[in-house]
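K.L.:
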């Protein structure tokens, strides 16, 4: 559905400007602080975690993954063997965790309104997960204006196909996206995997402050770089694709999270999408988080005591 008639076109610009709704900082400062927090957190994670960076899952410039993996004693033995060039292990794309030891994997899809940020600022929360025995994958994709919406959705789907084909020891996948990344993660849930010949074992999905109906975006500054028309917005709106996702519902628990200081439109979209999923038979919960805005709702994933960290750390996969 489109935005309710109570939201006039001239108001959509403000409703879909998340930085206008923060109570912590002014609109320019909160965006800059967000970029700095995410980037610095990722740099710390890469300095303290064993990683494989810039792993290509396709031929496009943005089609790369960063992988962060845990280091328990059994994995350490695999790591030593891998460093010695174990048979069948390509040093450029294979990690000992994903090629030798069975682990659940947490896949993170970054936000940035489909036109900024990258996987290079997406590893900020890895330390809290790898300490619990969960590998982390940060997905890159071609952002606008180079990338267009159809391509971005396909890239994220293909990144998961690559993971399950390249690393067959993956036990299951836990998916998380923020803002535009929540939209892309929601589109993953609507995928007809028969077209790809393999279905990722997605056991849980956390959608944080996302956009699930793209029609209102057409009337805002956000579309200047995206250049979507009505047809593109329609076929890439998770709200309009829920029914196709029903066969996967039994295997995947979905958490839709929204911030107290998200705009009314962001909050409406989260509420309506979670209800649409529930009506279609999905196992879904809506979490309305107090005292956070569109930006620190995801930044806090690096904190062990944060509610979303606790949810995220409870892997739905048998270890």
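Numbering (my numbering), first residue to last: 63 to 381. We treat Cβ as the ideally placed atom computed from N, Cα and C, and that holds for glycine.
#1: Taking only three categories from DSSP, how would you classify residue 347?
#2: Just checking my contact of residue 252 with residue 304 at CB under 8 Å: how many whole Å lie between their CB atoms?
#3: Please list the terminal residues of the continuous alpha helix (DSSP H) segment that includes residue 251.
#4: Taking DSSP as the reference, what is the three-state secondary structure of residue 92?
#5: Please look up how many angstroms separate the CB atoms of residue 130 and residue 107, rounded, as I've assumed it's under 8 Å.
#6: Could you give the distance in angstroms between the alpha-carbon of residue 82 and the alpha-carbon of residue 334?
#7: Within 10 angstroms of the Cβ of residue 94, are there 16 or more other Cβ atoms? Answer buried if so, exposed if not.
#8: If we ignore side chains and look at the alpha-carbon of each, how far apart do residue 300 and residue 193 end up?
#9: Just verifying my parser: in three-state terms, what is the DSSP assignment at residue 282?
#10: Identify every residue that forms a DSSP beta bridge with residue 355.
#11: Using DSSP with H/G/I as helix, E/B as strand and the rest coil, what is residue 114?
#12: How would you write the range of the beta strand (DSSP E) that residue 267 sits in, first residue to last?
#13: Relative to the C-alpha of residue 317, which residue among 350, 289, 323 is closest?
#14: Would the beta-carbon of residue 322 fall within 7 Å of that of residue 367?
#15: Have a look at 201, 117, 191 and flag the residue whose alpha-carbon is nearest the alpha-carbon of residue 110.
#16: Using only alpha-carbon positions, find the residue among 205, 287, 177, 175 that is nearest to residue 122.
#17: Any idea which residues DSSP pairs residue 236 with across the strands?
#18: Here's the rule I'm using: 16 or more other beta-carbon atoms within 10 Å means buried, otherwise exposed. How should residue 126 be labelled?
#19: Starting from the C-beta of residue 55, find all residues in its chain whose C-beta is less than 7 Å away, skip the five residues before and the five after it, and write them out in chain order.
#20: Going by the DSSP bridge assignment, what does residue 200 pair with across the sheet?
#21: Tell me whether residue 113 is buried or exposed, calling it buried when 16 or more other Cβ atoms sit within 10 Å of its Cβ.
#22: Taking C-beta to C-beta, are residue 247 and residue 269 nearer than 7 Å?
#23: Can you check which of these residues, 231, 277, 271, 223, is closest to residue 256 by C-alpha distance?
#24: What is the C-beta distance between residue 348 and residue 364, in whole angstroms, given that I count them as a contact (C-beta under 8 Å)?
#25: How would you call residue 361, buried or exposed, if buried means at least 16 neighbouring beta carbons within 10 angstroms?
#26: Identify whether residue 141 lies in helix, strand or coil by the three-state DSSP scheme.
#27: How many angstroms separate the CA atom of residue 70 from the CA atom of residue 249?
#28: With a threshold of 16 other CB atoms inside 10 Å of the CB of residue 370, please say whether the residue is buried or exposed.
#29: Could you compute how far the alpha carbon of residue 290 sits from the alpha carbon of residue 211?
#30: With distance defined between alpha-carbon atoms, name the residue in 198, 120, 90 nearest to residue 104.
P.N.:
Taking the structure as given:
#1: The three-state reading of DSSP puts residue 347 in strand, counting E and B together.
#2: Right, the Cβ-Cβ distance comes to about 7 Å (below 8 Å), so this counts as a contact.
#3: Counting along the chain, residue 251 sits inside the alpha helix (DSSP H) bounded by residues 242-251.
#4: Looking at residue 92 - three-state DSSP - the assignment turns out to be helix.
#5: With 8 Å as the limit, residue 130 and residue 107 qualify as a contact, their Cβ atoms being about 6 Å apart.
#6: Roughly 22 Å between the two C-alpha positions.
#7: Result: exposed.
#8: Distance between the alpha carbons of residue 300 and residue 193 is about 33 Å.
#9: Here DSSP, grouped into helix, strand and coil, assigns residue 282 to coil.
#10: Under the DSSP definition of a beta bridge, residue 355 partners with 323.
#11: If DSSP states are grouped into helix, strand and coil, residue 114 belongs with the strands.
#12: For residue 267, the enclosing beta strand (DSSP E) has its first and last residue at 264-270.
#13: Residue 317 has its Cα closest to that of 350, out of 350, 289, 323.
#14: Against a cut-off of 7 Å, the Cβ pair of residue 367 and residue 322 comes out as no contact.
#15: It is 191.
#16: Nearest C-alpha to residue 122: 205.
#17: Paired residue(s): 168, 266.
#18: Classification for residue 126: buried.
#19: Not covered by the structure: residue 55. The range shown for the chain is 63 to 381.
#20: In DSSP, residue 200 forms a bridge with 128, 170.
#21: Taking all protein chains in view, the Cβ of residue 113 is crowded by 16 or more other Cβ atoms within 10 Å, so the residue is classified as buried.
#22: Yes, Cβ-Cβ distance for residue 247 and residue 269 is below 7 Å.
#23: Answer by Cα proximity: 223.
#24: Incorrect: roughly 23 Å between the Cβ atoms, too far for contact.
#25: The Cβ neighbour count for residue 361, taken over all protein chains shown within 10 Å, is at least 16; the residue is labelled buried.
#26: With a pLDDT of only 47 at residue 141, under the threshold of 50, the placement of this residue in the model should not be trusted; the figure read from the coordinates follows. When DSSP states are grouped into helix, strand and coil, residue 141 belongs to the helix group.
#27: Across the structure, residue 70 and residue 249 are spaced so that their CA atoms are roughly 27 Å apart.
#28: With 16 or more other Cβ atoms within 10 Å, it is buried.
#29: Pairing residue 290 with residue 211, the inter-Cα distance amounts to about 8 Å.
#30: Comparing alpha-carbon positions, the option among 198, 120, 90 lying closest to residue 104 turns out to be 198.
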